[in-house]
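Novice: One structure is given below, represented as structure tokens, and several questions about it will come after.
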Ligand code: SF4
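Below, the structure is given as structure tokens:
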């Protein structure tokens, strides 16, 4: 039997909307995938995956499409001997790390990244990280997190990585003035634009997590307010709050509306007056609205179906529905954090069909029945759906492309318009 997500909601937007919860077979990448964008961000960090040849292939083939000057990740291979418990994986790991750090004196921060195989053999990577941190102190700090497909979906790897970093952040002095922390990996071009915007608003003490270098960790404490730049940072938010930081509730900075409300949350927390806010944000918002309009003709009235993949689905759906007049056939997300997504849900059109988790065959049936104009999904589903005549967009592309903020809003719209234009050319 096909279960459809309930369609009617009470209250504003989708705040109280019922959500179809599915707990069946999933079709998503594991958390190792995050290394592909994280390794480019923290320039003196290295990601050592403690995993199998499959794990090595995953990140090498995925990262192979990216251009990078110096690889900042590698794999310590767990082979059959380790799996059978015939060798001491810890000794082997210590040897590999010592060799790596000798060869690469530029490394300041080393992440041991757990995988399915390291979990299967119950290798305790937090103990290994503590041992290796002591052995290589003070030059290198060693941390660990899990990117295993058993525990994480593809963007949760970033969450686990940043959450492992938070306890190492320096304490903000108790008498320090209020500072703003932006949590979530962003393209440097986006960070630079926002630094200029915050500066124009008079907000000067602004930090980013992750930082560009391990020796520039942002301070955190009860005088820190933070904004999430990504919607998948559940553990990072929790660890920041354990350090006393306070989250500013806001939608996510995708599209003009999301960016304006996100910036406004910061402006309100720092007492920026309305006139200044309008003067700083009005012109770039107007330019972005005009630039988005170029793609409206392609997207207006088209139906889009989101498979759960990146946890970006709800903010993206809000942007496409409200700024490009697209219709939402179904919005699936791997995990719905009601608190972090509260402002987003309130903005979603009433009656949006929402689903959380996945039962891939059932969801494929719903997508086929809907015949949407565009399907946003993972790589594994895109090819079969294209073969069935559906038009798809890979959700992972949204993680590699700068999409946040006013200047990127039209690029974000274009990411959705492009496959529709391609399909219309093929059909013509
Ligand atoms: Fe596959 Fe697990 Fe390795 Fe990810 S961590 S590549 S799911 S074996």
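Numbering (my numbering), first residue to last: 2 to 429.
The C-beta atom is built at its ideal place from N, Cα and C for all residues, glycine as well.
#1: What first and last residue would you give for the alpha helix (DSSP H) that runs through residue 197?
#2: Report all residues from its chain with a CB closer than 6 Å to the CB of residue 130; omit the five preceding and five following residues, and keep chain order.
#3: Which residue comes first and which comes last in the beta strand (DSSP E) that contains residue 394?
#4: Okay, do the segment 180-194 and the segment 398-407 touch, 3+ Cβ pairs below 8 Å being the bar?
#5: Rounded C-beta distance between residue 153 and residue 56? I'm assuming under 8 Å.
#6: Reducing DSSP to helix, strand and coil, say where residue 78 ends up.
#7: Ignore the nearest five residues each way along the sequence and tell me which others in residue 245's own chain have a CB closer than 6 Å to its CB.
#8: Let me know the secondary structure DSSP gives residue 67 once reduced to three states.
#9: Where does residue 243 fall in DSSP's three states?
#10: Looking at residue 324: is its Cβ nearer than 8 Å to the Cβ of residue 257?
#11: In this structure, how does DSSP classify residue 180 when only helix, strand and coil are distinguished?
#12: Roughly how many angstroms lie between the CA atoms of residue 67 and residue 398, to the nearest whole one?
#13: Quick one, which of 72, 207, 309, 45 has its alpha-carbon nearest residue 22's?
#14: Would residue 366 be called buried (16 or more neighbouring beta carbons within 10 Å of its own) or exposed?
#15: Would you tell me roughly how many angstroms separate the C-alpha atoms of residue 149 and residue 161, rounded to the nearest one?
#16: Assign residue 374 to buried or exposed, taking buried as 16 or more other Cβ atoms, counted over all protein chains shown, within 10 Å of its Cβ.
#17: Are there any heavy atoms of the ligand SF4 lying less than 7 Å away from the beta-carbon of residue 335, as far as the coordinates show?
#18: With distance defined between alpha-carbon atoms, name the residue in 204, 165, 225 nearest to residue 175.
#19: Mind checking which residues open and close the alpha helix (DSSP H) that includes residue 442?
#20: Assign residue 359 to one of two classes, buried (16 or more other C-beta atoms within 10 Å of its C-beta) or exposed (fewer than that).
#21: Got a sec, what are the start and stop residues for the alpha helix (DSSP H) residue 15 sits in?
#22: To the nearest angstrom, report how far apart residue 46 and residue 107 are at their CA atoms.
#23: Residues in its own chain within less than 6 Å of residue 98 by CB, not counting five upstream and five downstream?
#24: For the beta strand (DSSP E) that contains residue 228, what are its first and last residues?
#25: Here's a check: name, in chain order, each residue in its chain whose Cβ is nearer than 6 Å to the Cβ of residue 70, leaving out the five neighbours to either side.
#26: Whole angstroms are fine: how far does the CA of residue 241 sit from the CA of residue 123?
#27: Report back the beta-carbon spacing between residue 117 and residue 151 to the nearest angstrom; my notes put them in contact at under 8 Å.
#28: With distances taken from CA atoms, which of 139, 415, 173, 14 is nearest residue 298?
#29: Can you tell me which of 156, 249, 184 puts its alpha carbon nearest to the alpha carbon of residue 166?
#30: Going by the DSSP bridge assignment, what does residue 53 pair with across the sheet?
#31: Thinking just about the alpha-carbon of each residue, which of 138, 105, 137, 292 is nearest to the one in residue 410?
#32: What ranges does the alpha helix (DSSP H) occupy inside the segment 324-384, keeping only unbroken runs of at least 4 residues that lie completely in it?
#33: Is residue 312 closer than 8 Å to residue 334 when the C-beta atoms are compared?
#34: Can you look up residue 149 in the DSSP assignment and give me helix, strand or coil?
#35: Rounding to the nearest angstrom, what Cα-Cα distance links residue 198 and residue 263 in this structure?
#36: Please name the residue, chosen from 76, 61, 34, that lies closest to residue 51 on a Cα-to-Cα basis.
Specialist: Inspection of the coordinates gives the following:
#1: 189-202
#2: 113, 143, 144, 145
#3: Counting along the chain, residue 394 sits inside the beta strand (DSSP E) bounded by residues 393-395.
#4: yes
#5: No, residue 153 and residue 56 are not in contact; Cβ-Cβ is about 13 Å, not under 8 Å.
#6: strand
#7: 222, 223
#8: Unreliable positioning characterises residue 67 in this predicted model, as indicated by a pLDDT of 46, which lies under 50. A coordinate reading is not provided.
#9: helix
#10: Yes. Within cutoff.
#11: Strand, per DSSP.
#12: Because residue 67 sits at a pLDDT of 46, beneath the cut-off of 50, its placement in the model cannot be relied upon, and the following sentence gives the value as read from the coordinates. Rounded to whole angstroms, residue 67 to residue 398 spans 11 Å at the Cα level.
#13: 309
#14: Exposed is the call here.
#15: 11 Å
#16: Counting Cβ neighbours within 10 Å, residue 374 comes out buried, since at least 16 surround it.
#17: no
#18: Relative to residue 175, the option among 204, 165, 225 whose CA is nearest is 225.
#19: This structure does not reach residue 442, given that the chain is present from 2 up to 429, and the question cannot be answered.
#20: buried
#21: No alpha helix (DSSP H) contains residue 15, which DSSP labels as neither H nor E.
#22: The alpha-carbon atoms of residue 46 and residue 107 are separated by roughly 9 Å.
#23: 133
#24: 225-229
#25: Low confidence applies here, because residue 70 scores a pLDDT of 41, under 50, leaving its location unreliable; read the following figure in that light. For residue 70, where only same-chain residues beyond five positions count, there are no Cβ hits under 6 Å.
#26: 28 Å
#27: 5 Å
#28: 415
#29: 184
#30: Paired residues: none, contrary to the question.
#31: 292
#32: Runs of the alpha helix (DSSP H) lying entirely within the segment 324-384 and spanning at least 4 residues, in chain order: 343-348, 361-371.
#33: Contact flag set, yes.
#34: coil
#35: 12 Å
#36: 76
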